[in-house]
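In mature numbering (1 follows the signal peptide of the UniProt record, and there is no 0), the protein residues as written are -24 to -1, 1 to 253.
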């Protein structure tokens, strides 16, 4: 089973507001009523900014190149990236919420690459991510889009979990990223993520400006500036289809539905749409 290209859209506004929240299963922060109200105002303001950019987004859509005849060739961590399936930002697509939780599974200095799959099994997806600055309605080129996600059985590379391989803490699968082109687009190949207790299928993302690369082909995570933290989600109909296939059906963890994931509820607040299309 292989899914076609998905498109996701990240809106960045200045000044950048990064608001880390609690991850299910971790210690939750205590947030006052006034703080919650402030966050809601920021969310609504950002959504209004994104709506004002609708004409520009529609113009980007009109510039799309035709669909490629064959899949792009994948490369080593330091090789150059192939051309994105979508060459411009689409209208009416996934728009991530302003700064949702980073979660406990982020690891610094992962590979600069466009194929994150390594030897993991699962449903391969090609994710085209568009980044736009809503203060100017212009796409942002050369910003680094970083992704990380759990594998088909809900395990993160780099972290040892119950029932996982003893050496998984040494793994780098489903981690890494690449920089956007002149049209604010980057294409990254990954796998459809699995669920784990408390979380539905999702992909984490960070966006870095003024980023730097180490000599070994990894991102310098502490360089430049972090301008966005978000998560992408999938429609439950897609989750049902994918999770019924191998190796996803070997996941022994309790499944969390979209409706049960509090982070998804937050990500879809204020008129945002965190679902990948």
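Every residue, glycine too, gets a C-beta built ideally from N, C-alpha and C.
A contact is defined here as three or more CB-CB pairs under 8 Å, and the stretch 216 to 235 meets this definition with respect to the stretch 120 to 129.
For residue 217, the uninterrupted alpha helix (DSSP H) run begins and ends at 212 to 219, by DSSP. Separation of residue 151 and residue 242 (C-alpha to C-alpha, rounded to the nearest whole angstrom) is 24 Å. In the three-state scheme derived from DSSP, where H, G and I count as helix and E and B as strand, residue 230 is classed as coil. The continuous stretches of beta strand (DSSP E) do not include residue 242, which lies in the alpha helix (DSSP H) extending over residues 238 to 243. Exposed is the label assigned to residue 191, since fewer than 16 other Cβ atoms lie within 10 Å of its Cβ.
DSSP places residue 174 in no beta strand (DSSP E); its state is neither H nor E.
By the CB criterion at 7 Å, residue 136 and residue 174 fall outside the cutoff.
Rounded to the nearest angstrom, the Cβ distance from residue 165 to residue 123 is 10 Å, too far for a contact under 8 Å. Sequence-distant partners of residue 149 (beyond 5 residues in either direction) whose C-beta falls short of 8 Å from its own C-beta, in its chain, are 92, 93, 94, 95, 96, 127, 133. Taken through DSSP and simplified to helix, strand or coil, residue 117 comes out as coil.
Buried is the label assigned to residue 156, since at least 16 other Cβ atoms lie within 10 Å of its Cβ. Rounded to the nearest angstrom, the gap between the Cα atoms of residue 177 and residue 145 is 21 Å.
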